[in-house]
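Residue numbers (the working numbering): 2 to 259. Written below as structure tokens is the structure these notes are about.
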Amino acid sequence: MYSKKDLKRLSSTRALELLLRQEVPDFPQVLQALMFESKLKKLQIALNQMQSWIVRSGSRVAILVEGSEFAGRGSLIRACMEHMNPRNVRLVALDKPTEKEKSQWYFKRYIASLPEQGEIVFYDRSWYNRAVVEPVNGFCSPEQHQLFMEEVLEFEKMLLSAGTILVKIHLTISRKEQALRIEHVQQNPLRRWELSAVDLNAVGLYDQYHEYQTKMFKLTGVGKAPWHVIEGDIKPQTTLKAIKYILKSVPWEKLPEG
């Protein structure tokens, strides 16, 4: 039974757009999508207000979005950045290191990407690649992984001491849901390009990922930059929970209008 509020939502132009995309109209699903969009819009307005405070105060904010393959990192970051002022926000998703970078201090390649005053930087994967993805897939040696684990908190302590606000989010996903999402992309010729060897191997290496993630949370989730782990099987809920955590983690104030 639908309430008057539900019927009003379902009679909107947006509801009609969503219904026309479906082969068989699914009113409950469309209603859920409309409710999600309504909640997301309110949070996006708050994100813009937060960004205004960051710009005005000259704060630096680095938001690390880590997580399993196809756990929804990209969807979350797009939702956050969609209506932000592009002059004061950046997305960083570094490619694999060059031969020159491999010979340098591991954190050096990330220093140039750190936020300037009045700026937010979202990292779609970050220096924590070396904590999980690289050792699981054999992209670094056990010694390199161990050295990273010994140095990372000191690196982050330097960032915090310099005034950078550091937010660390990790999206988890069940093995079953991960396999379903990868299969869905494989079957879509318009999205098949998104799949890498790391993606295709993710389900088979699920237990190894979990082992390294658990170790990462235990050793690097302490102090003023803890990990916030969010279950990612239901993307809309994941997105809303993560944005709420970002808004809670940055000590911003709503500025007076005008």
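In this text, a Cβ means the ideal position worked out from N, Cα and C, and glycines have one as well. Note that the coordinates shown come from a computational prediction; the quantities given were computed from them, not determined experimentally.
| Check | Outcome |
| --- | --- |
| Span of the alpha helix (DSSP H) around residue 111 | 109-112 |
| Burial state of residue 68, where buried means 16 or more other Cβ atoms lie within 10 Å | buried |
| Whole-number beta carbon distance between residue 219 and residue 65, since they are thought to touch under 8 angstroms | With a Cβ gap of about 17 angstroms, residue 65 and residue 219 do not count as contacting. |
| Closest by C-alpha distance to residue 231, when choosing among 60, 72, 16 and 35 | 72 |
| Stretch pair the region 240-247 + the region 41-49: three plus CB contacts closer than 8 angstroms | yes |
| Same chain, Cβ closer than 8 angstroms to residue 89, five either side skipped, listed in chain order | 52, 55, 56, 119, 120 and 121 |
| 6 angstroms Cβ shell around residue 214 - same chain, five flanking residues per side excluded | 133 |
| Collapsed DSSP secondary structure at residue 229 in the structure displayed | strand |
| Contacting residues, own chain, Cβ-Cβ under 7 angstroms from residue 176 (five flanking each side not counted) | 204 and 207 |
| 8 angstroms Cβ cutoff met for residue 110 and residue 117 | no |
| Alpha helix (DSSP H) segment containing residue 185, residue limits | 176-187 |
| Residue 187 versus residue 163 - alpha carbon distance | 44 angstroms |
| Chain-order list of residues whose beta-carbon lies under 7 angstroms from that of residue 37 (same chain, five-residue window excluded) | 237 |
| Three-state secondary structure assigned by DSSP to residue 68 | strand |
| Distance CB(residue 166)-CB(residue 25) smaller than 8 angstroms | no |
| Span separating the alpha-carbon of residue 87 from that of residue 2 | 43 angstroms |
| Range of the contiguous alpha helix (DSSP H) that encloses residue 161 | 143-162 |
| Reduced DSSP category for residue 99 - H, G, I as helix; E, B as strand; rest coil | coil |
| Assigned secondary structure, residue 1 (DSSP; H/G/I helix, E/B strand, else coil) | Limits of the chain in this structure are 2 at one end and 259 at the other, which puts residue 1 out of reach. |
| Same chain, Cβ closer than 7 angstroms to residue 141, neighbours up to 5 away in sequence not counted | 131 and 135 |
| Which residues DSSP lists as bridging residue 172, in chain order | 68 and 231 |
| Contact check, residue 80 vs residue 126, beta carbons under 8 angstroms | no |
| Residue 126 - DSSP class collapsed to helix/strand/coil | coil |
| Within the region 13-84, ranges of the beta strand (DSSP E) (whole runs, at least 3 residues) | 61-68 |
| Selection from 32, 6, 5 and 197 that minimises the alpha carbon distance to residue 16 | 32 |
| Span of the alpha helix (DSSP H) around residue 201 | 198-202 |
| Boundaries of the alpha helix (DSSP H) in which residue 91 is found, first to last residue | No alpha helix (DSSP H) contains residue 91, which is instead part of the beta strand (DSSP E) from 90-93. |
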